[in-house]
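Q:
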Amino acid sequence: MTARVLVAMSGGVDSSVAAAMLREQGYDVVGVAMRLAPEVQAPVTKRRGTCCSHDDFEAARRVAERMDFPFYVVDLRADFAARVVDNFVSEYLAGRTPNPCVMCNREIKFDRLWQRARALEADFVATGHYARVERDSCGRFHLLRAADSTKDQSYFLFMLTQGELSRTLFPLGAMTKMEVRARARELGLVNADKPDSQEICFVPDGDYASFVESQGGPRRVRPGRIVDGGGRTLAAHPGLHRFTVGQRRGLGVAAGEPLYVRGIDATTGDVRVGTRAELASCGLIARGVSLVHPEMADAGKIAIEVKIRYRHPALAATLAMVEADRAEVRFERGGPAVTPGQACVFYRGDEVLGGGFIERALEG
Amino acid sequence: MHIYLDHNAGTPVRAAVREAIARLLREEHGNPASVHQSGQRARRILEEARERVARLVAAPARSIVFTSGGTESNNLAIFGAASAARDRRRRIVSSSIEHSSVLAPLAELERRGFEVVRVAPDRDGRVEPAEVLMELDENTALVTLGLANAEVGTTQDLAPIAAAAAGIGTAFHIDAAQALGRIPVRVVELRCDLMTLSGHKIGGPAGSGALYVRAGAPVAAVMLGGPQEAGLRAGTPNLVGAVGFGVAAEELDRELAGEVARVATLADTLFRRLRESIPGIRLNGSRAGRIPNTLNLTFPGVLGESMLIALDLEGVELSMGSACAAGAVEPSHVLLAMDRSTDEARSSLRLSLGWSTTAEEIARAGEIIPRVWRRVAAAEPLAEAVPLPEAVR
Numbered sequence: 001m002t003a004r005v006l007v008a009m010s011g012g013v014d015s016s017v018a019a020a021m022l023r024e025q026g027y028d029v030v031g032v033a034m035r036l037a038p039e040v041q042a043p044v045t046k047r048r049g050t051c052c053s054h055d056d057f058e059a060a061r062r063v064a065e066r067m068d069f070p071f072y073v074v075d076l077r078a079d080f081a082a083r084v085v086d087n088f089v090s091e092y093l094a095g096r097t098p099n100p101c102v103m104c105n106r107e108i109k110f111d112r113l114w115q116r117a118r119a120l121e122a123d124f125v126a127t128g129h130y131a132r133v134e135r136d137s138c139g140r141f142h143l144l145r146a147a148d149s150t151k152d153q154s155y156f157l158f159m160l161t162q163g164e165l166s167r168t169l170f171p172l173g174a175m176t177k178m179e180v181r182a183r184a185r186e187l188g189l190v191n192a193d194k195p196d197s198q199e200i201c202f203v204p205d206g207d208y209a210s211f212v213e214s215q216g217g218p219r220r221v222r223p224g225r226i227v228d229g230g231g232r233t234l235a236a237h238p239g240l241h242r243f244t245v246g247q248r249r250g251l252g253v254a255a256g257e258p259l260y261v262r263g264i265d266a267t268t269g270d271v272r273v274g275t276r277a278e279l280a281s282c283g284l285i286a287r288g289v290s291l292v293h294p295e296m297a298d299a300g301k302i303a304i305e306v307k308i309r310y311r312h313p314a315l316a317a318t319l320a321m322v323e324a325d326r327a328e329v330r331f332e333r334g335g336p337a338v339t340p341g342q343a344c345v346f347y348r349g350d351e352v353l354g355g356g357f358i359e360r361a362l363e364g
Numbered sequence: 365m366h367i368y369l370d371h372n373a374g375t376p377v378r379a380a381v382r383e384a385i386a387r388l389l390r391e392e393h394g395n396p397a398s399v400h401q402s403g404q405r406a407r408r409i410l411e412e413a414r415e416r417v418a419r420l421v422a423a424p425a426r427s428i429v430f431t432s433g434g435t436e437s438n439n440l441a442i443f444g445a446a447s448a449a450r451d452r453r454r455r456i457v458s459s460s461i462e463h464s465s466v467l468a469p470l471a472e473l474e475r476r477g478f479e480v481v482r483v484a485p486d487r488d489g490r491v492e493p494a495e496v497l498m499e500l501d502e503n504t505a506l507v508t509l510g511l512a513n514a515e516v517g518t519t520q521d522l523a524p525i526a527a528a529a530a531g532i533g534t535a536f537h538i539d540a541a542q543a544l545g546r547i548p549v550r551v552v553e554l555r556c557d558l559m560t561l562s563g564h565k566i567g568g569p570a571g572s573g574a575l576y577v578r579a580g581a582p583v584a585a586v587m588l589g590g591p592q593e594a595g596l597r598a599g600t601p602n603l604v605g606a607v608g609f610g611v612a613a614e615e616l617d618r619e620l621a622g623e624v625a626r627v628a629t630l631a632d633t634l635f636r637r638l639r640e641s642i643p644g645i646r647l648n649g650s651r652a653g654r655i656p657n658t659l660n661l662t663f664p665g666v667l668g669e670s671m672l673i674a675l676d677l678e679g680v681e682l683s684m685g686s687a688c689a690a691g692a693v694e695p696s697h698v699l700l701a702m703d704r705s706t707d708e709a710r711s712s713l714r715l716s717l718g719w720s721t722t723a724e725e726i727a728r729a730g731e732i733i734p735r736v737w738r739r740v741a742a743a744e745p746l747a748e749a750v751p752l753p754e755a756v757r
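Here the protein sequences line up with chains A and B, keeping their order.
So the first sequence is numbered by my numbering: it starts at 1 and just counts up by one.
So the second sequence is numbered by my numbering: it starts at 365 and just counts up by one.
#1: Identify every residue that forms a DSSP beta bridge with B/N648.
#2: Go ahead and label B/A755 buried or exposed: buried means 16 or more other beta carbons lie within 10 angstroms of its beta carbon, across all protein chains shown.
#3: Kindly indicate the opening and closing residues of the alpha helix (DSSP H) around B/R407.
#4: Using Cβ-Cβ distances below 9 Å, what residues of the region 724–745 of chain B are close to chain A?
#5: Can you confirm whether the region 199–217 of chain A touches the region 165–173 of chain A when touching is taken to mean that 3 or more C-beta pairs between the two stretches lie within less than 8 Å?
#6: Confirm, please, whether the CB-CB distance from B/S716 to B/T658 is below 7 Å.
#7: Please state whether DSSP places B/M559 in a helix, a strand or coil.
#8: Please report how far the alpha carbon of B/A625 lies from the alpha carbon of A/V29, in whole angstroms.
#9: Out of curiosity, what's the CA-to-CA distance linking A/L366 and A/A317?
#10: Name the chain A residues that come within less than 7 Å of B/E669, Cβ to Cβ?
#11: Using the beta-carbon of each residue, which ones in chain B are nearer than 9 Å to A/A59?
#12: Given a cut-off of 7 Å, decide if B/A613 and B/V417 are closer than it, judged by their beta-carbon atoms.
#13: Tell me which residues share the same chain as B/L596 and place their Cβ nearer than 6 Å to its Cβ, disregarding the 5 neighbours each side in the sequence.
#14: Can you tell me the Cβ-Cβ gap for B/N846 and B/G653, rounded? I've got them flagged as a contact below 8 Å.
#15: Interface residues of chain B around A/V30 at Cβ under 9 Å?
#16: Exposed or buried, B/P751, counting other C-beta atoms within 10 Å across all chains shown (16 or more means buried)?
#17: Can you look up A/A235 in the DSSP assignment and give me helix, strand or coil?
#18: Please confirm if the region 1–16 of chain A is in contact with the region 57–71 of chain A, defined as three or more CB-CB distances below 8 Å between the two stretches.
#19: Using DSSP bridges, identify the partner residues of B/D716.
#20: Just mark B/H366 as buried or exposed, buried being the case when its beta carbon has 16 or more other beta carbons within 10 Å.
#21: Rounded to a whole number of angstroms, what is the C-alpha to C-alpha distance between A/E65 and A/I308?
#22: Consider the Cβ of A/R35: report whether some Cβ of chain B lies at a distance smaller than 7 Å.
#23: Closer than 7 Å, Cβ to Cβ, to anything on chain A: give me those residues from the region 589–608 of chain B, in chain order.
#24: Any idea which residues DSSP pairs B/R482 with across the strands?
#25: Excluding five sequence neighbours on each side, which residues of the same chain lie with their C-beta closer than 6 Å to the C-beta of A/E351?
#26: Of all the CB atoms in chain B, is at least one closer than 7 Å to the CB of A/A8?
#27: How would you label B/V457, buried or exposed, when you count the other beta carbons within 10 angstroms and need 16 or more for buried?
#28: Within the same chain, show all residues whose beta-carbon is closer than 6 Å to that of A/V89, passing over the 5 residues directly before and after it, in chain order.
#29: Measure the Cβ-Cβ separation of A/R361 and A/V329 and say whether it is below 7 Å.
#30: In this structure, how does DSSP classify A/H241 when only helix, strand and coil are distinguished?
#31: Under 7 Å, Cβ to Cβ, is there at least one residue of chain A near B/G531?
#32: Pair every Cβ in the region 503–519 of chain B with every Cβ in the region 730–744 of chain B, then say whether three or more of these pairs are closer than 8 Å.
#33: Taking only beta carbons into account, state which residues of the region 119–131 of chain A come closer than 8 Å to chain B, listed in chain order.
#34: Quick one, which of A/P294, A/L284 and A/A255 has its alpha-carbon nearest A/R276's?
#35: What residue from A/L113, A/V125, A/G335 and A/L165 has the CA that sits closest to A/E134's CA?
#36: Quick one, which of A/D68, A/A209, A/E179 and A/A280 has its alpha-carbon nearest A/A192's?
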């Protein structure tokens, strides 16, 4: 029996090539496009490279037709709303800056979709992520950065467990984006030159603040003060979901030198600002931590590199688990602004060791 | 190898139809409106097809207007009757469980100022004739109702409505697309003004349909052009479709009684088998008064969408609700109108049998469906079927 693989297809070039390659490799490919975001009535001109539109499903469908494998649109909107969008809204309202793509991977692509895969007797789930999975001689699975460092998406996959890695395929992990596009053209895929998707798929106009307000409702919006390091009120603000730690623009406060958001206090509603120098932190506490190799939890202090935002370079640090799912990360050198809510991902060289969500910065 | 249980969506073309169409395409090329002999032959072929379709529904041949299918027939009946009523009658009575090709024209007429009444069915999908009668008045231009519901198979008792509509000069349209071939459909007994017929549901090709128009019925053309089809449907007739429809009708007419009983037995066998092996499975729609080929079933503990895909991968083809523009399945508006919850509608699938269904296929489907149900229920427990938040709807 050939192995069956459920391929999550967005209509974009990456997942299209992933599906086509698996088909060529002889897998029994079943393509699915997930209906996740509610249909947004935003004018087409305001949409910026999002997924989940009918055109994208049609693009995925044409790939399936061309490569001759079955394809279905599955409706996971309720799960997405309950497990990704609600979290996104609550995190912003609590003064944190969430990363819904990480949440979507954890809750939808590698959990909910895997249930569906089992219902369909699939052996694997595959996506078009740029990351690699390798199995060593002891049978352990390793999650590695993609060969194309400019496209590497391992950051979004830190939560994958041994069980999940064992049934996950990333066909693009060893390829560069240019190779993928060339492959798409070779395969005659119609979307070979489609631009990469950007932004958050369920906020197509990019206006997070309005989205959070409309979804969360006015009663959950927390207005408050903008204060300086000494607790002096500089201005009033309409809601702390409009701020993110490290933010400089849009504070509405004039000062001699540029001011940045240093901290957001959801209980008082205070947004604390300071100079660039005051932003620096020496480490962070992460919650919801998972480790690709759970035995590492007992290893005491471990030298790692940590990424505290997708587009930040990895920083040398030490990692120590402080509770079952909480970790303390200390930067080797004074670190940059740490944004609560973002994912922090632990690396050693090319390997992902695990990660979690930033709870707070460590100061001093 | 595939077990096709989606006859209500469309039937496989019968062998005799295939042959007749192939012969036609090989031998004929004329336009029935042409004066020359090719045209005359084409015209004769078209009129033969018309007679065959008419015979199946016990109607005069000249009352059959060929169309491109059930959707066009419904559009012609509804817009045609509304337009014939001019400004004198501004009310239309229908039900909430009609096909989209009825509901969408009604919504459009509502936008144009008609008052549209949609009577709700009971939990079995039956539209109570008394409730329809209560809505009829001298201002009513049209009553339009389906004879058999496509999704749950319930048939309606339309005789009292026909009599009342005739009494006040209201046009009565029956959408019989889903009833034709499943039960006897005879115009003389139904006494309607207009009746939608589809060739595609009885083993003819897709793109073939007809509207029965009683002589003198108040209906105006919607498609304007040449004088074809008694002026009610301009354009060169689709001879391939008409011939295919005619041959399918003739074959069906010969065997209808036996075929209805055969399909009913197969459907009963399948339902019994599923009820034995799937605890809690429920049949939607009425037990008596139904087209026997249709089984709309609520499967406990699973999403219909998962079952549909899992069964398709096992070669069993059936359907659920309707497909949205994106190709995802949506819960059936008929089940929701029958007071089922969204969750119940999401767990429901439609199996529809037909002329090509064999006893062997039913035996295999009876093995495969329970096995797939157990697997899907275990892999994807329905606790996951979170009720859709308002924001998503």
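Don't be surprised by glycine CBs; every beta carbon is placed ideally from N, CA and C.
A: In this structure, then:
#1: According to DSSP, which records beta bridges pairwise, B/N648 is partnered with B/N660.
#2: Caution applies to B/A755, whose pLDDT of 39 falls short of 50 and renders its modelled position unreliable; the value that the coordinates give is listed next. Flag for B/A755 reads exposed.
#3: It spans Q401 to L420 - the alpha helix (DSSP H) in which B/R407 sits, taken as one unbroken run.
#4: V736, R739, V740, A741, A742, A743, E744 and P745
#5: No contact exists between the region 165–173 of chain A and the region 199–217 of chain A.
#6: yes
#7: Three-state result, B/M559: strand.
#8: 41 Å
#9: No answer is possible for residue 366 of chain A: it lies beyond the span of chain A, which begins at 1 and ends at 364.
#10: V74 and D75
#11: Simply none; closest approach about 12 Å.
#12: A contact, by the Cβ cut-off of 7 Å.
#13: Same-chain partners within the cutoff: V429 and A585.
#14: Absent from the model: residue 846 of chain B. The displayed extent of chain B is 365 to 757, so no value can be given.
#15: I673 and L677
#16: Annotation note: pLDDT 42 at B/P751 (below 50); position unreliable, coordinate value reported separately. B/P751 is exposed by the Cβ-count criterion.
#17: strand
#18: Output reads yes: the region 57–71 of chain A touches the region 1–16 of chain A.
#19: Contrary to the premise, residue 716 of chain B reads as Ser rather than Asp in this sequence. B/D370 and B/T658, per the DSSP bridge assignment.
#20: When all chains shown are included, B/H366 counts as exposed.
#21: 41 Å
#22: By this cut-off, A/R35 is an interface position.
#23: The residues in question: there are none.
#24: B/S458
#25: H142 and L144
#26: no
#27: buried
#28: V212, Q215 and G216
#29: This sequence places Ala at residue 361 of chain A; Arg is not what is there. No.
#30: helix
#31: no
#32: no
#33: Cβ contacts with chain B: A119, L120 and E121.
#34: The option with the nearest alpha carbon to A/R276 is A/A255.
#35: Taking only the C-alpha atoms, the option nearest A/E134 is A/L165.
#36: A/E179
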